[in-house]
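First to last, the protein sequences are chains A and R. All residue numbers for the first sequence refer to my numbering, where the first residue is 627 and numbers rise by one. All residue numbers for the second sequence refer to my numbering, where the first residue is 627 and numbers rise by one. Don't be surprised by glycine CBs; every beta carbon is placed ideally from N, CA and C. Here the structure is a predicted model, which means the values were calculated and not measured. What follows is a single structure, written as structure tokens, with notes after it.
2 protein chains.
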Amino acid sequence: MSGPPNDGNNWGMVKLSGSARTHQAVGDVGEHGLLQLIAERFGRFKAPGVLVSIGDDAAVLKHIGPGAVLSADMLVEGVDFDFAWATPSDVGAKAAAANLSDVAAMGAKPRCLMLSLGLRTRDHVADVLALMTALARVGRTFGAPLVGGDLSRVDGPMIVSVTVVGEGQLRALLRRQHARLGDVVLVSGSLGGAAAGLALLRQGQRAPRSFLARQLRPRPQVALGLALARSGLVTSAADISDGLAKDALHLVPPHLGVELVREALPQMPGLGRVASALGADPYTWALTGGEDFELVVATRQRDVPRLKRVAARVGETLTAVGRVVKRPGLSLQGGPIPRGGFDHFGG
Amino acid sequence: MSGPPNDGNNWGMVKLSGSARTHQAVGDVGEHGLLQLIAERFGRFKAPGVLVSIGDDAAVLKHIGPGAVLSADMLVEGVDFDFAWATPSDVGAKAAAANLSDVAAMGAKPRCLMLSLGLRTRDHVADVLALMTALARVGRTFGAPLVGGDLSRVDGPMIVSVTVVGEGQLRALLRRQHARLGDVVLVSGSLGGAAAGLALLRQGQRAPRSFLARQLRPRPQVALGLALARSGLVTSAADISDGLAKDALHLVPPHLGVELVREALPQMPGLGRVASALGADPYTWALTGGEDFELVVATRQRDVPRLKRVAARVGETLTAVGRVVKRPGLSLQGGPIPRGGFDHFGG
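Set out below in structure tokens:
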């Protein structure tokens, strides 16, 4: 270990005083100064069930459960986000959404977010606060205030490491790998928009805005996840972060597979136009693009109409896209399976 | 955002199959291969209260509370640890201990750990698993199994980002800034050992082992924290991660201060010898070295003997080192206050 390392730099160590110096770099205000600004800006929100927020060795929430749900997502600059086309606010909002989506996929209610940031001394304080403000805002929107975290210096890419805590009813939680042979596979909303948005941003394009928003400001399906869990009609569920081709397989145990129907995929409206403008294949985006943060669920054939009504009551749609089959792995009716799936380590 | 980013690379996506290939680099086995190894090694442990561990969108624990306690610590290679003298196991064990220490300082019971790792393709799989194994072992020792997390690629220093969840009785939780004028300030165990260990390691020395262990394998004061919380005798508490000079001030509200007595500091046995061998000042190590992960607490004068007996019953000692005074900030009887305190951003 090198410096006096784990120097308890939880945000709890901050005493409130001093005024904001947001125009400076992180290295100018120092860790203590930045913690002060964070406490001033984020320590004051009162949220139901949050007994201690930023300002102690740890945050304290009133009891979580009966099922306490925990998930984590670490975003790394240059790998998971790029400031060439995403603002700090975009990054914060997306970090929150990606984490909340995991809670949604369990059919649980988000309760709080924890954020650990790895920053460079050259990073601007205003950018750090913008990232945190967007993250905290998205969290609050879905009932999960930002309650604590950590700061560390990184001589490398910026690190945005989030942990989300949710709560749910134990028997109602939506699990992976629990679908049964013959179950129908459905997806919420529409697919391919986030991948199209990414392709547009990479080419420096700033329209159509709806596609950019799908990439930069994804919306976690929290209300839908809760409604599906309460319905008791879902045999298995996951969120679509890697792309349907990969995430649909999370629904089934290893000895079963999923057969998708290419023509059934609910493409985001206008996807075909963006694809042909960029010379891309909309089906590939919809199948493997990922980051749509929709839910993919399985249900018994006879429950499909009821489940669609459950979704409609929270203003969402579910589209049948395939079925659980005997043959393990993914099959696709209507076309070859595009090579896809992101592997952080290129394995 | 660049790749298909938040690719849901929670450990939940893993299907168990294949055999361990621990002699390879992370880039050889790929993300999926590494996740497989992680699930094989860490997904099988059954722990009371853990309903879903590695293997779904999120981990699920039976209800946490009445007070759910959350803390986070992010360790960065080159800043918070250095593989020049710490093994991957050391880093994992310390990451767990640093987080558990925050729960101990709240007087709460650890329940689980979440781990997000930022790795390079060149990192050895065996080292990653060794780090995780040590972290999981320390967690289990204190009742907090590793239940989930995330992997991401980092083209920079290795990132070890941990979140710990604990539970406690709401009224009994040990808070910061709640000490009152005239309270006695006590510390558990002994001080300066971790700083001495760091100084030895930096000079390439491998003895005395007790000091190296204090730096590399710190022990969180979980049982003591729980006993102190149950006693109802502690007015305020924090853990010593930044050094007593900084952490003692966490006990008091901003309008009060702490006066420490230099000669009262419980130095780790043999600290003087190591200090004189290295030409260092043992008092500086004890006051500002940090990372001892002892607890610093405040109590009313009349409760000091009872509190010491509470500590003795869990095999620990408490030593009175000072008092809460009117003058804000830190005062020191018996010598000048050494400059200290680690600031990640050098502010």
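Here DSSP, grouped into helix, strand and coil, assigns L800(A) to coil. For L772(R), the enclosing beta strand (DSSP E) stretches over residues L772 to R779. For L891(A), not one C-beta of chain R is nearer than 8 Å to its own C-beta. Residue state for M758(R) is assigned as helix, using DSSP reduced to three classes.
As computed with DSSP, Q893(A) is found in a beta bridge with L817(A).
K688(R): member of the beta strand (DSSP E) spanning A685 to V702, first to last residue.
Residues of the segment 798 to 811 of chain A whose Cβ lies closer than 9 Å to any Cβ of chain R, in chain order: L799, L800, R801, R802 and Q803.
A Cβ-Cβ distance of about 6 Å is found for the pair I690(R) and R737(R), placing them in contact under the 8 Å criterion. For the beta strand (DSSP E) assignment, the uninterrupted runs of no fewer than 3 residues enclosed by the segment 899 to 943 of chain A are, from N- to C-terminal side, 921 to 925. In the DSSP annotation of this structure, A734(A) is not part of any alpha helix (DSSP H), being labelled neither H nor E. Close CB contacts of N725(R) within its chain, under the 7 Å cut and outside five residues either way in sequence, are with S697, D699, L739, V788 and V790 (chain order). With a cutoff of 8 Å on beta-carbon distance, L850(R) and A937(R) are scored as near each other. Between M784(R) and R935(R), the alpha-carbon positions lie close to 43 Å from each other.
Against chain R, a Cβ distance below 8 Å from P783(A) picks out V780, D781 and G782. Among the residues of the segment 746 to 759 of chain A, those with a Cβ less than 8 Å away from any Cβ of chain R are T747, in the order of the chain. If you compare the alpha carbons of L701(R), F768(R), D929(R) and A833(R) with that of V900(R), the shortest gap goes to A833(R).
Contact annotation: the segment 763 to 782 of chain R touches the segment 702 to 712 of chain A, with at least three C-beta pairs closer than 8 Å. Put simply, the segment 885 to 894 of chain R touches the segment 941 to 958 of chain R. At least three CB pairs are less than 8 Å apart.
A734(A) sits close to E793(A), with the two beta carbons spaced by under 8 Å.
Closer than 8 Å to the CB of A864(R) there is at least one CB belonging to chain A.
The shortest C-alpha to C-alpha distance from L875(A) to any of Q831(A), R840(A), S857(A) and V923(A) is the one to V923(A). Uninterrupted alpha helix (DSSP H) stretches at least 4 residues long and entirely within the segment 838 to 883 of chain R occur at 848 to 857 and 870 to 873, given in chain order. By the criterion of a C-beta distance shorter than 8 Å, K720(R) is surrounded in its chain by L701, F707, A712, L842, R843 and P844, once the five residues flanking it on both sides are discounted. Within the same chain, L875, V950, V951, K952, R953, P954, G955, L956 and S957 come within 8 Å of G883(A) by CB-CB distance, once the 5 residues on both sides are set aside.
No Cβ-Cβ contact shorter than 8 Å links L757(A) with G693(A). In this structure, S816(R) and G775(R) do not form a Cβ contact; the two beta carbons are roughly 33 Å apart against a cut-off of 8 Å. At least one C-beta of chain R is nearer than 8 Å to the C-beta of T789(A). Nearest C-alpha to S902(A) among F971(A), A825(A) and H881(A): A825(A). Against V695(A), the close residues of chain R are V678, D683, A684, A685, V686 and L687, in the order they occur along the chain (beta-carbon pairs closer than 9 Å). In this structure, V810(R) lies near Q927(R), with their beta-carbon atoms less than 8 Å apart.
Nearest neighbour of M732(A) by Cα position, chosen from D918(A), I866(A), V764(A) and L904(A), turns out to be I866(A). Within the segment 702 to 730 of chain A, the residues whose Cβ lies closer than 7 Å to some Cβ of chain R are V702, G704, V705, D706, F707, D708, A712, K720, A724, D728 and V729, listed in chain order. With respect to A730(A), P846(A) sits close: the two C-beta atoms are nearer than 8 Å.
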